[in-house]
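2 protein chains.
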Amino acid sequence: MVVQSGRRERKKAATRKKIADTALRLFLERGYDAVGIREVAAEADVAVTTLFSHFAGKEALVFEQDEDFEQRLTQAVTGRAPDEPLIPALRREVLALVRHCTADEAAPIWHLIDGTPALRKYEESMRLRHAEALATAIAAAPDLPLTATASRTIARFAIDAYSLAREEADPEAAVAEIFRMIEAAWEVATSASESSE
Amino acid sequence: MVVQSGRRERKKAATRKKIADTALRLFLERGYDAVGIREVAAEADVAVTTLFSHFAGKEALVFEQDEDFEQRLTQAVTGRAPDEPLIPALRREVLALVRHCTADEAAPIWHLIDGTPALRKYEESMRLRHAEALATAIAAAPDLPLTATASRTIARFAIDAYSLAREEADPEAAVAEIFRMIEAAWEVATSASESSE
DNA sequence: CACCGTAGCACTAACGGTTAGCCTTTTGAA
DNA sequence: TTCAAAAGGCTAACCGTTAGTGCTACGGTG
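Residue numbers (this note's numbering), protein chains in the order written: chain A, 978 to 1174; chain B, 978 to 1174.
Structure (structure tokens):
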């Protein structure tokens, strides 16, 4: 196992951050579509190929928190207190995520995303990935009497809650309202699975 | 209003169909990524620009039934019998759609889609559009005591049901299972809205 | 019937994201 | 010190997509 001790990792992270910061700045200044990859690379003083070795595509420049997001969701399931039921734990995390991205400081970024079809599309497929990761985490929880289908369903619903609430006038109220519905769905799913086996 | 009487319309439809058929044939033969737009156009004996005047993008060549799909969903809501409740009507339509695309004849196409990330991504954003159209239809139904948020939520859940069921081993059972959950969510949403107003 | 507006289509050329191939420099470890 | 691998760079191309331009045939109107 080769442990990268220090400098290399730091330099790589610095390059990555420089690219992302530069890109975000240019995008916010002049719009996503009006800024080309070659321009971002030039401004960040790296080669185009270097940029693509750090980011899978142009859209990924805007969604850096991608993995954070996914980890927070799965950990809300796998890392909850032993006796805490699933749905409240999920609601807490979704609420935190919604708050995080409706905060004033994040507003310009989300305005950029909402106004750019390519970015909206990318975010949609990101959410799908997150839903799948979440479904796996839910299905793997030993204390939950859920079918595979029900696990996937609850995961989708939770991601829907995030996605819908983010766009509502009162995001926190929307989270509460949608999770009331998810809770009901959850109860039906668990009671059905218990009684049939 | 200029009614295109006959020949022009037929020629246009013929060109469109020829392009779509050619594209699908080539994609199925050699894979989506291995076939370029220029090649499809050449094989269909049209110019590249003509191809793009009929289809919004390469992915759209594979999803011809797009508008059908959306219309069937919204009509399941707006066109149901006056006394039929929403959820059973939705379930019926979703089940029909799932059956339609898990039929044997459709198998090669869905195999192609499932094996091509670009097409999966495209389908995801299609579904989102359909969910929004469905949400509008649900919100517009005069007999439903739903908040705007609840309408959007039910619409998303219904689309999730389609999307999830399509990939399950037993699609019809999955539709039944998921719609049991949606029904529970629905009841919570309606009862809350009735009691609070 | 002749005429004209327009829809459909073609062609060229380019733009922008992305990748392959190959080379140089830096870095960590033996 | 030496070496393998990682990081970065340069060039050139591929591919989807679009703008610009013009031609042709169709369908409605005088």
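All residues carry an ideal CB built from backbone N, CA and C; glycine is no exception.
Quick caveat: nothing in here was measured; it's all calculated off a predicted structure.
| query | result |
| --- | --- |
| C-beta neighbour in chain A for B/ARG1129, strict 8 Å | yes |
| Spatially closest choice to B/THR1093 from B/LYS989, B/LYS995 and B/VAL1012, by CA coordinates | B/VAL1012 |
| Proximal chain B residues relative to A/VAL1165, where beta-carbon distance stays under 7 Å | ARG1157, MET1158 and ALA1161 |
| Candidates A/GLU986, A/ALA1080 and A/GLU1164: closest to A/ASP1147 by CA position | A/ALA1080 |
| Residue environment, B/ARG1106, which counts as buried when at least 16 other CB atoms sit within 10 Å | exposed |
| Neighbourhood of A/LEU1003 by C-beta distance below 8 Å, restricted to the same chain and skipping five residues each side | VAL1012, GLU1016, VAL1017 and GLU1020 |
| Alpha helix (DSSP H) segments (min. 4 residues) lying fully within the segment 1057-1086 of chain A | 1063-1079 |
| Presumed contact (8 Å Cβ cut-off) between B/ALA1118 and B/THR1055, rounded CB distance | 7 Å |
| Backbone CA spacing between B/ALA1166 and A/ALA1138 [nearest angstrom] | 14 Å |
| Cβ-Cβ distance between B/ILE1115 and B/ILE1131 below 8 Å | yes |
| Buried versus exposed call for A/LYS994 [16 or more other C-beta atoms within 10 Å across all chains shown] | exposed |
| Segment contact, 8 Å Cβ cut-off, at least three pairs: the segment 1070-1089 of chain B with the segment 1149-1156 of chain B | yes |
| Nearest candidate by alpha-carbon position, reference A/ALA1142, set B/ASP1091, B/SER1128 and B/ALA1142 | B/SER1128 |
| Buried or exposed by the 16-neighbour rule on C-beta atoms within 10 Å, applied to A/GLU1100 | buried |
| Span separating the alpha-carbon of B/TRP1087 from that of A/ALA1095 | 24 Å |
| Opening and closing residue of the alpha helix (DSSP H) in which B/PRO1094 lies | 1094-1117 |
| Assigned secondary structure, B/ASP1010 (DSSP; H/G/I helix, E/B strand, else coil) | coil |
| Whole-angstrom distance between A/VAL1039 and A/ILE1014, CA atom to CA atom | 13 Å |
| Under 8 Å between C-beta atoms of B/GLU1164 and A/ALA1162 | no |
| Check whether B/LEU1108 and B/ARG1133 have beta carbons under 8 Å apart | Position check: residue 1108 of chain B holds Ala in this sequence, whereas Leu was assumed. Yes, they are a contact pair. |
| Closer than 8 Å to chain A by CB, B/SER1216 | Residue 1216 of chain B falls outside the range modelled here, since chain B spans only 978 to 1174, and no answer is possible. |
| Own chain, CB closer than 7 Å to A/MET1103, minus 5 neighbours either side, in chain order | PHE1040 and ASP1043 |
| Counted within 10 angstroms of its Cβ, other Cβ atoms place B/GLU1144 as buried (16 or more) or exposed | exposed |
| B/ASP1043 - DSSP class collapsed to helix/strand/coil | helix |
| Rounded straight-line distance, which links the Cα of B/THR999 to that of B/TYR1009 | 12 Å |
| Among B/GLN1048, B/GLN1052, B/ASP1060 and B/ALA997, nearest to B/LEU1121 - alpha-carbon criterion | B/ASP1060 |
| Straight-line Cα distance separating A/LYS1035 from B/LYS988 | 40 Å |
| Collapsed DSSP secondary structure at A/PRO1122 in the structure displayed | coil |
| B/VAL1023, DSSP secondary structure in three states | coil |
| CB contact check: B/ALA1116 to chain A, cutoff 8 Å | no |
| Separation of A/ILE996 from A/ASP1022, as counted between CA atoms | 8 Å |
| Cutoff 7 Å; reference A/VAL1025; Cβ partners in own chain excluding five residues on either side | ILE1014, ARG1015 and ALA1018 |
| Sequence-distant residues of its chain with Cβ nearer than 8 Å to A/LEU1123 (five each side left out) | ILE1115, ALA1116, ILE1131, ALA1166, THR1167 and SER1170 |
| Interface residues of chain B facing A/ARG1133 [CB-CB closer than 7 Å] | ASP1137 and LEU1141 |
| Selection from A/GLU1082, A/HIS1077 and A/THR1113 that minimises the alpha carbon distance to A/GLU1149 | A/HIS1077 |
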